């Protein structure tokens with residue numbers, strides 16, 4: 644089944660989501676472990692070519708170009724959409740060849756956490772552009788095994804972040820349906836930047 | 002006979018893949034690949050031992066086709082020489098597990114050549130005494146195989162006789178080497194290589210006879226003058242004097258060598274006793290080790306340093322044929338050793354069958370400038 | 097990412113972080129038993145290496161053709177295969193690190209023509225990535241590059257005792273007894289230099305572990321011989337890793353069992369995620385500088401590699417543990433007749449060709465792919481006879497030059513071009529012609 648009629652629609656939806664990434668910098672760059680790399684996306688049916696350039700600050704997203712990229716993902720637009728929703732976890736998607744990867748394994752693993760994060764944000768983005776119809780129902784399988792940090796502070800902050808996220812979700816669902824999550828994440832990113840010694844990441 | 006006449010005669014011998022003494026010897030000629038094959042064993046069976054070379058063979062295409070262009074050009078040339086009929090007088094060949102290239106050449110020769118006899122030895126990779134019986138057993142099996150195929154008997158008496166003959170040849174080479182090593186020298190490095198390769202083509206008694214004439218002629222010959230630097234040449238197999246001539250054309254004198262086809266690889270002086278096969282085995286196994294011997298770099302290095310000192314050399318040139326991993330590994334080890342014990346070193350890679358004279362001259366020139374010579 | 101709470105060299109931390117990420121990622125796919133078991137046990141092995149190194153336990157270095165069973169039997173001694181970082185950086189680390197290690201070895205004067213597995217290993221030695229050895233052991237198989245690498249290791253640590261095993265180029269009982277005798281000689285050498293006594297009961301247990309591992313590997317191969325082969329092609333080559341680093345250990349046994357059970361599960365109840373069009377025996381080094389290429393081969397070309405030369409584990413027999421002699425004999429036979437590449441290349445080229453023909457038939461292959469690792473002189477030297485044999489047998493054979501750890505020799509694009517052309521223009525049309533005739 645095709646979620647997108649044509650390349651224009653894919654650009655509006657998936658492309659539109661990717662275009663929010665610069666606003667969520669430096670969160671996105673944190674997600675990839677500050678790795679200076681270019682993630683190339685090659686989607687088909689319909690076609691969409693994009694690059695997310697983590698070497699720039701803020702992160703730059705470009706469309707329609709054809710560079711090599713540090714790492715690359717090739718998939719159908721439908722599978723990529725499912726990936727962003729979290730319906731298709733990236734691990735099985737790679738193993739079942741629904742997503743093909745290219746590049747050094749270390750860099751690929753650096754890019755993977757984007758797809759742990761995306762399912763928390765993408766549905767809200769779809770809602771914000773009036774495409775609730777693309778939020779597919781169904782179970783959300785586990786995206787990965789346990790990732791246990793050895794660092795105590797990371798574990799504490801993760802719990803607090805979970806609580807903050809839950810609070811946001813609760814607010815959005817029950818009290819403020821028009822809450823712009825991307826804006827909230829953008830502010831969080833700005834806060835993160837302001838607090839860092841250099842005042843600026845990258 | 003004059004020095005020049007003898008050396009020209011031997012030079013012509015090297016360039017021919019059909020040496021008259023072999024072709025017309027009336028004995029089965031058995032080619033062999035490696036210094037671990039004692040020619041004495043063949044001589045004692047009234048066979049003609051001929052160290053295989055690719056000199057005089059320009060086209061290695063058939064060797065390239067079977068062995069690919071990614072293998073040793075020496076081995077490809079020899080293989081092509083056999084396949085293309087340059088060695089059509091050979092009754093057989095003996096290979097050794099010297100290296101991957103020789104092993105695969107043996108596979109091709111067994112599968113594709115018209116040779117009637119194929120022998121193969123595997124030689125231990127270390128001087129550990131416990132491995133010696135294996136090599137002795139290999140020689141014993143080779144002896145039996147030669148006897149069976151060629152319907153000959155290789156007796157202890159025959160072996161001792163052959164040993165005596167080749168010891169004489171060794172002794173002549175030593176004397177000639179001293180002439181090369183002298184200061185001033187009476188033989189160049191290129192000339193000495195002509196001699197040592199000839200010693201591997203000719204039967205020892207023929208070689209000794211002519212060598213005696215040469216030694217006599219050298220006593221009164223003009224020494225070599227205008228030497229800018231005395232160097233030692235080491236590395237992998239080298240049978241082409243043109244390579245050394247290119248080096249020496251820059252005023253270098255190769256005062257000593259430690260490579261196969263040179264003074265290395267002839268075996269140590271073989272003891273004559275009632276166990277001649279065992280004597281042969283000891284003399285050939287425990288000679289200056291080549292790079293295939295896994296735990297013997299320290300010994301090879303020491304032999305090189307002894308030679309360096311004895312030749313009063315000012316530097317070392319290391320040469321190897323491209324794609325030879327064994328000798329390239331040795332170059333690395335020498336470089337490492339020379340970090341602790343600085344000795345000027347020039348490493349030259351080459352292709353068998355061509356001598357890149359221009360390149361060699363340039364590199365040697367630069368090396369001499371570095372030496373301040 | 098620290099290992100055991102300590103900061104390590106960048107290459108190790110990258111490997112550790114990537115491996116941890118991969119374990120987390122693929123743990124989310126419970127169907128992927130083979131891959132998960134592999135990652136889990138490799139991580140356990142690395143952890144154990146660091147634990148031993150941190151505790152100052154003796155370390156023994158060795159080259160590719162040698163295996164770890166005797167070292168495992170000594171107890172808490174660290175077994176360090178020279179090519180460990182070569183494999184780890186490429187497969188579960190940063191390929192750029194592998195290439196940097198290769199460059200480091202060449203900058204130190206090591207030959208560019210030697211095998212990149214050894215080059216990267218020498219680079220790791222130069223950079224001090226391995227715990228210092230108390231001794232170095234090795235063997236001349238499978239190739240000249242091993243002989244060179246052994247000597248380079250010995251030179252770079254030239255005050256450390258060395259013990260090489262000589263493996264002749266024959267395949268007979270005399271040869272195996274000769275090698276077994278040397279393994280017996282090696283034991284006092286290891287005891288003296290590690291300060292550990294050989295425990296023959298523990299060696300017996302190690303051999304029994306090997307026997308179980310062998311049984312699992314043979315089962316695994318059986319399941320992979322079925323068509324379609326649903327277990328991914330990229331898992332095919334890991335027997336080599338197991339044999340070099342883990343044979344005789346519980347991790348090795350776990351990996352073999354995991355691969356076998358995974359292959360069985362997929363064969364019996366798996367889903368076809370792509371259409372299998374062509375089955376090839378990949379008859380030389382795998383593409384470890386970009387293992388994702390195997391996924392591309394399957395997805396885009398329908399090209400499956402049911403077996404390759406690194407994966408093939410010959411059924412030469414189990415180790416008879418009834419006596420010390422039989423144990424050493426069994427270990428010798430394992431090392432030179434079952435170890436991938438040592439088996440195929442140690443003797444004459446006929447073994448290499450015969451094994452290919454056997455695998456071609458057993459795994460119902462349509463063709464062969466000789467990915468010619470450029471340093472493999474023992475393979476390239478047999479290429480003419482190999483091509484002739486395939487031609488006589490009517491087996492399409494693709495041959496190209498490349499390097500298993502260095503992506504600069506043949507790029508991904510060039511490799512894809514070769515494979516695409518071979519599959520689409522040679523193999524599939526031939527299959528169709530044959531199908532048309534029958």
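Residue numbers (our numbering), protein chains in the order written: chain A, 644 to 845; chain B, 2 to 374; chain C, 97 to 534.
Where a beta carbon is used, it is the ideal one built from N, C-alpha and C, also for glycine.
Remember, predicted model here, so these are calculated numbers, not experimental data.
Find the nearest neighbour of residue 466(C) within the set 448(C), 233(C) and 338(C), judged by alpha-carbon distance. Here residue 466(C) refers to the residue found at position 370 when the third chain is read from its first residue. Of 448(C), 233(C) and 338(C), the residue nearest in Cα terms is 448(C).
Within chain C, partners of residue 744(A) - CB distance below 8 Å: Within the first chain, numbered from 1, the residue matching residue 744(A) stands at position 101. Residues of chain C passing the Cβ test: 388 and 391.
How many angstroms separate the CA atom of residue 341(B) from the CA atom of residue 331(B)? Translated into positions along the second chain, residue 341(B) becomes position 340. Translated into positions along the second chain, residue 331(B) becomes position 330. Answer to the nearest angstrom: the Cα atoms are 16 Å apart.
Residue 322(C) to residue 97(B), Cα distance in whole Å? By 1-based counting over the third chain, the position of residue 322(C) is 226. By 1-based counting over the second chain, the position of residue 97(B) is 96. Each residue's Cα considered, the two are about 42 Å apart.
Do we get a CB-CB distance below 8 Å when we pair residue 248(C) with the residues of chain B? Indexing the third chain from 1 puts residue 248(C) at position 152. Residue 248(C) counts as touching chain B.
Element boundaries [beta strand (DSSP E), containing residue 76(B)]: Along the second chain, one-based indexing puts residue 76(B) at 75. Element bounds for residue 76(B): not the beta strand (DSSP E) but the alpha helix (DSSP H), 74 to 84.
When you compare the CB of residue 428(C) with every CB in chain A, is at least one pair closer than 8 Å? On the third chain, position 332 is the one that residue 428(C) refers to. No, its Cβ sits nowhere closer than 8 Å to a Cβ of chain A.
When DSSP builds the beta bridges, which residues end up paired with residue 665(A)? Indexing the first chain from 1 puts residue 665(A) at position 22. Per DSSP, none; premise fails for residue 665(A).
Can you round the beta-carbon distance between residue 658(A) and residue 682(A) to whole angstroms, since I take them to be within the 8 Å contact cut? As a working note, residue 658(A) is residue 15 in the first chain. As a working note, residue 682(A) is residue 39 in the first chain. At roughly 14 Å, the Cβ-Cβ gap does not stay under 8 Å, so residue 658(A) and residue 682(A) are not in contact.
Under 8 Å, Cβ to Cβ, is there at least one residue of chain B near residue 481(C)? Counting from 1 along the third chain, the entry for residue 481(C) is found at position 385. Yes, its Cβ sits closer than 8 Å to a Cβ of chain B.
Tell me which residues share the same chain as residue 652(A) and place their Cβ nearer than 8 Å to its Cβ, disregarding the 5 neighbours each side in the sequence. As a working note, residue 652(A) is residue 9 in the first chain. Cβ within range, chain order: 689.
Would residue 274(C) pass as an interface residue toward chain B - the criterion being a Cβ-Cβ separation below 8 Å? As a first step, residue 274(C) must be located in the third chain, where it is residue number 178. Answer yes: the Cβ-Cβ gap between residue 274(C) and chain B drops below 8 Å somewhere.
How would you list, in chain order, the residues of chain A whose beta-carbon sits under 8 Å from the beta-carbon of residue 118(C)? In the third chain, the residue the question calls residue 118(C) occupies position 22. Residues of chain A passing the Cβ test: 748 and 752.
N- and C-terminal bounds of the beta strand (DSSP E) containing residue 88(B): Residue numbering aside, residue 88(B) sits at position 87 when the second chain is read from its first letter. Taken as a continuous stretch (DSSP letters only), residue 88(B) belongs to no beta strand (DSSP E), as it is neither H nor E.
So what's residue 288(B) in DSSP terms, helix, strand or just coil? One-based indexing of the second chain puts residue 288(B) at position 287. Residue 288(B): coil per DSSP, three-state reduction.
Reducing DSSP to helix, strand and coil, say where residue 787(A) ends up. For the purposes of this step, residue 787(A) is taken as residue 144 along the first chain, with counting starting at 1. Residue 787(A): coil per DSSP, three-state reduction.
In the DSSP assignment, the beta strand (DSSP E) including residue 259(C) goes from what residue to what residue? Position 163 of the third chain, counted from the start, is the residue given in the question as residue 259(C). Where residue 259(C) is concerned, the enclosing beta strand (DSSP E) stretches over 258 to 261.
Please give me, in chain order, every unbroken run of the alpha helix (DSSP H) with length at least 4 that falls completely inside the stretch 164 to 190 of chain C. 165 to 169 and 180 to 188
Mind listing the chain A neighbours of residue 189(C)? Cutoff is C-beta to C-beta under 9 Å, in chain order. Counting from one through the third chain, the residue named residue 189(C) turns up at place 93. Those within 9 Å of residue 189(C) in chain A are 747, 748 and 749.
Which of the three DSSP states, helix, strand or coil, is assigned to residue 303(C)? The sequence position of residue 303(C) within the third chain is 207, counting from 1. In this structure, residue 303(C) counts as helix in the three-state DSSP scheme.
Pick from 47(B), 8(B), 2(B) and 3(B) that is closest to residue 23(B), judged by C-alpha positions: The count along the second chain starts at 1 and reaches residue 23(B) at position 22. For the residues 47(B), 8(B), 2(B) and 3(B), the minimum Cα distance to residue 23(B) belongs to 47(B).
Beta-carbon of residue 295(B) versus every beta-carbon of chain C: anything under 8 Å? On the second chain, residue 295(B) is found 294 positions in, with the first residue counted as 1. True, the Cβ-Cβ gap to chain C drops below 8 Å.
Which term fits residue 480(C), buried or exposed, when burial requires 16 or more other beta carbons within 10 angstroms of its beta carbon? Sequence index remark: in the third chain, residue 480(C) carries index 384 (1-based). Under this definition residue 480(C) is a buried residue.
Interface residues of chain B around residue 474(C) at Cβ under 8 Å? Numbered from its first residue, the third chain carries residue 474(C) at position 378. Near residue 474(C) (Cβ distances below 8 Å), the residues of chain B are 101, 104 and 105.
For residue 235(C), which of helix, strand or coil comes out of DSSP? To locate residue 235(C), count along the third chain from 1; it is residue 139. Strand.
Between the alpha carbons of residue 251(C) and residue 362(C), how many angstroms are there, rounded? Locating residue 251(C) in the third chain gives position 155, where the first residue counts as 1. Locating residue 362(C) in the third chain gives position 266, where the first residue counts as 1. Those two C-alpha atoms are separated by around 48 Å.
Check whether the Cβ atoms of residue 326(C) and residue 461(C) lie closer than 8 Å to each other. Numbered from 1 along the third chain, position 230 holds the residue referred to as residue 326(C). Numbered from 1 along the third chain, position 365 holds the residue referred to as residue 461(C). Cβ distance not < 8 Å, so residue 326(C) and residue 461(C) don't count as in contact.
Cβ contact check for the stretch 749 to 756 of chain A and the stretch 792 to 810 of chain A: 3 or more pairs under 8 Å: no
Let me confirm a value: residue 367(C) is counted as buried when at least 16 other C-beta atoms fall within 10 Å, else exposed. Which label applies? By one-based count along the third chain, residue 367(C) stands at place 271. Label assigned to residue 367(C): exposed.
Between residue 345(B) and the rest of its own chain, which residues show a CB-CB distance below 6 Å, the 5 nearest in sequence each way excluded? Walking along the second chain from the start, residue 345(B) turns up at place 344. Around residue 345(B): 316 and 372.
Per the contact definition of three or more C-beta pairs closer than 8 Å, is the stretch 395 to 414 of chain C in contact with the stretch 371 to 386 of chain C? yes
So, does the CB of residue 287(C) fall closer than 8 Å to a CB anywhere in chain B? Translated into positions along the third chain, residue 287(C) becomes position 191. Not one chain B Cβ lies under 8 Å of residue 287(C).
If residue 67(B) and residue 18(B) are in contact, beta carbons under 8 Å, what's the gap, nearest whole angstrom? Against the second chain, residue 67(B) aligns to sequence position 66. Against the second chain, residue 18(B) aligns to sequence position 17. Wrong, their Cβ atoms sit about 19 Å apart, outside the cutoff.
What is the rounded straight-line gap between the Cα of residue 169(B) and the Cα of residue 175(B)? One-based indexing of the second chain puts residue 169(B) at position 168. One-based indexing of the second chain puts residue 175(B) at position 174. Cα to Cα, the separation comes out at about 10 Å.
Beta-carbon gap between residue 56(B) and residue 91(B) smaller than 8 Å: Numbered from its first residue, the second chain carries residue 56(B) at position 55. Numbered from its first residue, the second chain carries residue 91(B) at position 90. No, Cβ-Cβ distance for residue 56(B) and residue 91(B) is not below 8 Å.
DSSP three-state label for residue 496(C), please. The sequence position of residue 496(C) within the third chain is 400, counting from 1. Correct three-state label for residue 496(C): strand.
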